[in-house]
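Undergrad:
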């Protein structure tokens, strides 16, 4: 239901701030999504900077019922495309703040079978990023046994939204399915 909600609502998100900082975009997006969730009485809510152990993921999604668990049942990492500088160019996939790598190393989404990454596409188009990211994954497969062809993104896109999936083997040998949702800013 969360993925369906995001697919339906993300195309209508219009970022109005002048800052291109990932944190500022995420803050505005979470306010937008939370307001819709409240108005539509959905059974979950969005928590910004959700703490998982010693780390924080950009969004935690929790059940809204008062009797439910306080642990997120779904988490979302957000990444700018392109990254802020040449040094962090490939951080959507791997690196110090690598989005996909955080899930693979069980730093995000521990114990979850599904989660997501939202891409804020600020330059280039969906097709170019899809090709670029899959080439980075091909590159890391050669040097790191944790990465496989299943990590590559497959899916489709429209003018407003890209929807890809990947099945990612984690260090504990479990698999997490990531839905990659990209919006053009």
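In our numbering, the protein residues as written are 675 to 859.
Yeah, the Cβ is synthetic: ideal placement off N, Cα and C, and Gly gets one too.
Just checking, does the stretch 843-858 make contact with the stretch 794-812 on the three C-beta pairs under 8 Å criterion?
TA: yes
Undergrad: Check for me: the beta strand (DSSP E) holding residue 791 runs from which residue to which?
TA: Annotation: the continuous beta strand (DSSP E) that includes residue 791 extends over 788-795.
Undergrad: In terms of residue numbering, what span does the beta strand (DSSP E) encompassing residue 851 cover?
TA: 849-858
Undergrad: For the candidate residues 788, 741 and 783, whose alpha-carbon lies nearest to that of residue 852?
TA: For residue 852, the nearest C-alpha among the options comes from 788.
Undergrad: Let me make sure I understand the geometry here. Which of 719, 775 and 829 has the alpha-carbon closest to that of residue 839?
TA: 829
Undergrad: Residue 683 and residue 707 - do their beta-carbons sit closer together than 8 Å?
TA: yes
Undergrad: Tell me, please, which residues DSSP counts as bridged to residue 721.
TA: 734
Undergrad: Taking the C-alpha atoms as reference points, what is the distance between residue 846 and residue 779?
TA: 8 Å
Undergrad: With the cut-off set at 8 Å, would you say residue 735 and residue 749 are in Cβ contact?
TA: Going by C-beta atoms, residue 735 is nearer than 8 Å to residue 749.
Undergrad: Which one of 726, 790 and 700 has the shortest CA to CA distance from residue 754?
TA: Considering only alpha carbons, the answer is 700.
Undergrad: Can you tell me whether residue 842 is buried or exposed, with buried defined as 16 or more other CB within 10 angstroms of its CB?
TA: buried
Undergrad: Residues in the same chain with beta-carbon distance under 8 Å from residue 782, minus the five sequence neighbours each way, listed in chain order, please.
TA: 726, 729, 731, 749, 751, 776 and 789
Undergrad: Report the rounded CA-to-CA distance for residue 771 versus residue 676, giving the unit in angstroms.
TA: 24 Å
Undergrad: Could you work out which residue in 769, 758, 747 and 718 is closest to residue 739 when comparing CA atoms only?
TA: 718
Undergrad: With 16 other CB atoms within 10 Å as the buried threshold, where does residue 681 fall?
TA: exposed
Undergrad: Can you tell me whether residue 799 is buried or exposed? The criterion is at least 16 other CB atoms within 10 Å of its CB, across all chains shown.
TA: exposed
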